[in-house]
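These notes are about the structure you will find just below.
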Amino acid sequence: MQKTPIHRKKFPSRALLKKKKISGVLSSLFNNGRKAFAISKLLVENENVIQYQINLLFMDCGLTAMLDIRPLEQALHSNWPNLVGKDFTFWKTQWTKHGGCSEATFPKLEYFNLALHLYEQNNLLNILEKEQIVPDDKKLYNVSSVFAAVHNHTSHDPELSCYHDPKLNVTALYQIRICLSTNGTSFINCFQTDDSCGDKGLLFPKKIKKKKFGLHLNIMSILFVFSLLLLLEVPKLCTAEKKEEKWNYFMLVQQWPTGFCEYQIIAGKRKCYITPDKFVIHGLWPQRNDGKVPKCQSKTPLYRRDLKPLDQALRSDWPNLVGQDFNFWKSQWGKHGGCAEATLPKAEYFNLALHIYDQNKILNILEKEQIVPDDKKLYNVSSVVAAVHNHTSHDPELSCYHDPKLNVTVLYQIRICLTKNGTSLTNCLNPDSSCGDQSLLFPKKEEEK
């Protein structure tokens, strides 16, 4: 990457910042030593990384240029402090490690001013206080309540991060992330990559002396992605070719929305926005014969235009039950599409899933064998397996969960397996999987009860 020297510049206007095409995640950390949220860092990544590298491995932009941010110094001291050392050393480290990737379009002051601008628009302490969620060492809040409080402000799903306090034996909140669209002017749903907060209560701890929220730079992150890769000089670290991941067959996963949505409630996860009255696609997953999960991260990003010809079918048969449809498709492509990308690029991958789904509609298959949703009847696991086998001539795989209130095993997924080339069906390796070998409940949709 070409290095450019740092010069003093006129303080950039926010109008100029809004013209920049970016996307990202604004994250906030609860700070035990200060009174407000403070900025953590502005990390720039190429679009492929932000969409699919769910573990947030950031690019090393490797700049060594001197940094002059005196026009912003007062705001940075207040909102982007170093909680463990000298502020300027921290800002310089963040610019050196992360700022250089966006230097062509967000040089120096603009990089830091953009972070400050987004931070000002999303004061998480105020957002939570509006919903009566305040720091309190004696009160536990439902994870879903904190999640909903931020959602009420942004109209989109945030992501929470917590840690376990061994002395108090509680889960404590320390991080909230909100995600932005590619132009940086609107919110989008965050990928739910962090389940450290669990599904029970969490502590929103008071600060030791004066309690305060902060966006701590070392832990929280504001991730920005440039949609036009030509504007971004991507380090070789981010574009290195990976060895092709070995895999043996496909698994088409269909989920029963009623079972899935009730499981979400039991597990304390996001509640469903919609509950279709048919099995819908969850994903098309490459699998290995040894049972290990292949690492199938895609090398190419997925855009809405890639799926435009399939949009109507996907919304009908492959909906996101807990959020935005495209985010779900993008996540599935990012996590699973990469293994077959050489032979099934983008649209072909999704079209194959729709084609196999259309030929194997599980609800119709079960109904032909008199297996229908019924909250008062239990079906033998072997009967459900046999019903699908009678249609496909191959063994499916079932997935269930335990409902503690009813004390029954509940069906929520049925999976059918395909050969690697996707042209014929094959046996799945674990027919009864998590459903055991006894009986299961095939629950009715709520409005039918």
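The numbering used here puts the first residue of the sequence shown at 44, with every later residue one more than the last.
Where a beta carbon is used, it is the ideal one built from N, C-alpha and C, also for glycine.
Quantities reported herein were computed from a predicted structural model and do not represent experimental measurements.
So is tyrosine 316 buried or exposed if we call it buried at 16+ other beta carbons inside 10 Å?
Here residue 316 is taken as the residue at index 273 of the sequence shown, counted from 1. Exposed: under 16 other Cβ atoms inside 10 Å.
Evaluate aspartate 333 with the Cβ neighbour count: other Cβ atoms within 10 Å of its Cβ, from every protein chain shown; 16 or more gives buried, anything less gives exposed.
To locate residue 333, count along the sequence shown from 1; it is residue 290. Under this definition aspartate 333 is an exposed residue.
Less than 8 Å separating the beta-carbons of leucine 327 and leucine 395?
For this step, residue 327 is matched to residue 284 along the sequence shown. For this step, residue 395 is matched to residue 352 along the sequence shown. For leucine 327 and leucine 395, yes; Cβs fall inside 8 Å.
Beta-ladder partner(s) of cysteine 443, from DSSP:
Here residue 443 is taken as the residue at index 400 of the sequence shown, counted from 1. Looking at the DSSP assignment, cysteine 443 forms a beta bridge with Leu454.
Proline 201 versus lysine 373 - alpha carbon distance:
What you label residue 201 is simply residue 158 of the sequence shown in a count that begins at 1. What you label residue 373 is simply residue 330 of the sequence shown in a count that begins at 1. Looking at the two C-alpha atoms, the distance is approximately 17 Å.
Just to confirm, are isoleucine 399 and phenylalanine 485 a CB contact at a threshold of 8 Å?
Your numbering for residue 399 matches position 356 in the sequence shown. Your numbering for residue 485 matches position 442 in the sequence shown. Contact flag unset, no.
Quick check on arginine 220: does DSSP put it in helix, strand or coil?
Translated into positions along the sequence shown, residue 220 becomes position 177. Reduced to three states, the DSSP call for arginine 220 is strand.
Assuming isoleucine 457 and glutamine 297 are in contact, meaning their beta carbons sit under 8 Å apart, how far apart are those beta carbons, in whole angstroms?
For this step, residue 457 is matched to residue 414 along the sequence shown. For this step, residue 297 is matched to residue 254 along the sequence shown. So it is a contact: roughly 5 Å between Cβ atoms.
Cut-off 7 Å between Cβ atoms - residues of its own chain near serine 56, not counting five sequence neighbours on either side
One-based indexing of the sequence shown puts residue 56 at position 13. With a pLDDT of 45 at serine 56, under the threshold of 50, the modelled position of this residue cannot be trusted; read the value that follows with caution. Hits under 7 Å: none found.
From the DSSP output, which residues share a beta bridge with proline 124?
Within the sequence shown, the letter at position 81 stands for residue 124. As DSSP reads the structure, proline 124 sits in no beta bridge.
Reducing DSSP to helix, strand and coil, say where histidine 437 ends up.
As a working note, residue 437 is residue 394 in the sequence shown. Three-state result, histidine 437: coil.
Straight-line CA distance for serine 187 to serine 436?
By one-based count along the sequence shown, residue 187 stands at place 144. By one-based count along the sequence shown, residue 436 stands at place 393. Taking the straight line from one Cα to the other gives about 43 Å.
Can you tell me whether DSSP reads glycine 334 as helix, strand or coil?
Reading the sequence shown from its first residue, position 291 is the one you call residue 334. The DSSP-derived three-state label of glycine 334 is coil.
Determine the extent of the beta strand (DSSP E) in which cysteine 304 is found, giving its start and end residues.
Mapped onto the sequence shown, residue 304 falls at position 261. DSSP places cysteine 304 in no beta strand (DSSP E) but in the uninterrupted alpha helix (DSSP H) bounded by 300–309.
Using alpha carbons as the reference points, say which of Pro352, Val323, Asn464 and Leu126 lies closest to leucine 384.
Position 341 of the sequence shown holds residue 384. Note that residue 384 is glutamate in the sequence shown here, rather than leucine. Nearest C-alpha to glutamate 384: Asn464.
Report yes if the CB atom of lysine 404 is closer than 8 Å to the CB atom of phenylalanine 322, and no otherwise.
Here residue 404 refers to the residue found at position 361 of the sequence shown. Here residue 322 refers to the residue found at position 279 of the sequence shown. In contact: lysine 404 and phenylalanine 322 (Cβ atoms closer than 8 Å).
Assuming alanine 118 and leucine 159 are in contact, meaning their beta carbons sit under 8 Å apart, how far apart are those beta carbons, in whole angstroms?
Within the sequence shown, numbered from 1, the residue matching residue 118 stands at position 75. Within the sequence shown, numbered from 1, the residue matching residue 159 stands at position 116. Yes, they are in contact, since the Cβ atoms of alanine 118 and leucine 159 sit about 5 Å apart, within 8 Å.
Closest to cysteine 205 by C-alpha separation, out of Lys129, His120, Phe190 and Lys389, would be which residue?
To locate residue 205, count along the sequence shown from 1; it is residue 162. Comparing Cα-Cα distances from cysteine 205 to each of Lys129, His120, Phe190 and Lys389, the minimum goes to Phe190.
8 Å Cβ cutoff met for leucine 357 and tryptophan 376
For this step, residue 357 is matched to residue 314 along the sequence shown. For this step, residue 376 is matched to residue 333 along the sequence shown. Taking 8 Å as the Cβ cut-off, leucine 357 and tryptophan 376 do not qualify as a contacting pair.
Considering only residues of the same chain and omitting the five flanking positions on each side of lysine 289, which have a CB-CB separation below 8 Å?
As a first step, residue 289 must be located in the sequence shown, where it is residue number 246. Excluding residues within five positions, the ones whose Cβ falls inside 8 Å are Arg331 and Pro337.
Give the DSSP-derived three-state secondary structure of arginine 420 in the structure shown.
Looking up residue 420 in the sequence shown gives position 377. The sequence given here places lysine at residue 420; arginine does not occur at that position. Note: lysine 420 maps to strand in three-state DSSP.
Does DSSP put methionine 102 in a helix, a strand or coil?
One-based indexing of the sequence shown puts residue 102 at position 59. Bear in mind that a pLDDT of 43 at methionine 102, under 50, signals an unreliable position, so the number given afterwards is only what the model happens to contain. Assignment of methionine 102 by DSSP, reduced to helix, strand and coil, places it in the coil class.
Coil, strand or helix - threonine 107 by DSSP:
Translated into the one-based positions of the sequence shown, residue 107 becomes position 64. Because the pLDDT of threonine 107 is 41, which lies under 50, any placement of that residue in the model is unreliable, and the number read from its coordinates should be weighed accordingly. In this structure, threonine 107 counts as coil in the three-state DSSP scheme.
DSSP has glutamine 297 in a bridge; who is on the other side?
For this step, residue 297 is matched to residue 254 along the sequence shown. Answer is Ile324 and Ile457, bridged to glutamine 297.
Give the secondary structure of isoleucine 170 by DSSP, where H, G and I count as helix, E and B as strand, and everything else as coil.
Here residue 170 refers to the residue found at position 127 when the sequence shown is read from its first residue. Helix.
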